[in-house]
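One structure is given below, encoded as structure tokens.
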Amino acid sequence: MDASALLAIGHLAAASAIAAMLAAGALAKLAARDDWLVALAGYRLVPGPLMGGVAALLPAAELAVAILIVTGLGGAAGVIAGAGLLLAFAAAIAVNLLRGRRHIDCGCDPRGRPRPIGWPMVARNVALAGILLGGIAAGPGAGLPARLLAIMAGAGVYALFRAIAILHSFAPRSTGAPNGAY
Numbered sequence: 001m002d003a004s005a006l007l008a009i010g011h012l013a014a015a016s017a018i019a020a021m022l023a024a025g026a027l028a029k030l031a032a033r034d035d036w037l038v039a040l041a042g043y044r045l046v047p048g049p050l051m052g053g054v055a056a057l058l059p060a061a062e063l064a065v066a067i068l069i070v071t072g073l074g075g076a077a078g079v080i081a082g083a084g085l086l087l088a089f090a091a092a093i094a095v096n097l098l099r100g101r102r103h104i105d106c107g108c109d110p111r112g113r114p115r116p117i118g119w120p121m122v123a124r125n126v127a128l129a130g131i132l133l134g135g136i137a138a139g140p141g142a143g144l145p146a147r148l149l150a151i152m153a154g155a156g157v158y159a160l161f162r163a164i165a166i167l168h169s170f171a172p173r174s175t176g177a178p179n180g181a182y
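Residue numbers (full-length UniProt numbering): 1 to 182.
Here is the structure:
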């Protein structure tokens, strides 16, 4: 297997992990529609009459993009759409942070638990969009067996990160070091 095929497999594994993240977020939004509507309204970016449509469209778009990325049916268009979604999410978060609205729910937790927005979320989404776009240069380069292996690896990476996040959520929250200690 040559270097370009290995690069393509690596990108597909990373893109598959990102697709799993998008799909998990979409399914959480669909499963807890009322909570998702509250989170979306908290951003104050969508006019009231459009709220229901946008609330339905975003998870549908996330699922569609995830499918396009994993199957490769959309080619570069699926990857570009995925990067576009991630950049739109980053922009929505950044706008609210710049407005001083740091305590709104991101609406992005796959378990449906409220999470306040922050600059690390903006950076994460921009980095993930960059990973997706960077893979376009890698090209297809991998046959079906390697493609399936890359997809499974990406799903495994996503599952590992979710497990770590779940375990981390059980850790006691620090209230700061006493007496200036580290």
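Note that CB positions come from ideal geometry on N, CA and C, so glycine has one too.
Along the length of the UniProt domain "Methylamine utilisation protein MauE" (12–137), whole alpha helix (DSSP H) runs at least 4 residues long occupy 33–42, 51–71, 76–98, 119–134, reported in chain order. Ranking Leu132, Ile93, Gly52, Val70 by CA distance to the CA of Ala83 puts Leu132 first. The Cβ atoms of Gly107 and Leu40 sit closer than 8 Å to each other.
Between Ala76 and Ile136, the alpha-carbon positions lie close to 6 Å from each other. With distances taken between CA atoms, Leu160 lies nearest to Ile18 out of Ile18, Pro49, Leu86. Straight-line spacing of the CA atoms in Val157 and Ala28 works out to 19 Å. Of the candidates Gly10, Leu12, Trp36, the residue whose Cα lies closest to the Cα of Asp109 is Trp36. Around the beta carbon of Ile164, fewer than 16 other beta carbons sit within 10 angstroms, so the residue counts as exposed. Judged by beta-carbon spacing, Val65 lies beyond the 8 Å limit of Gly53, meaning their Cβ atoms are not closer than that value.
Taking C-beta atoms under 8 Å as the contact rule, Ala23 and Leu63 qualify, at a distance of about 6 Å.
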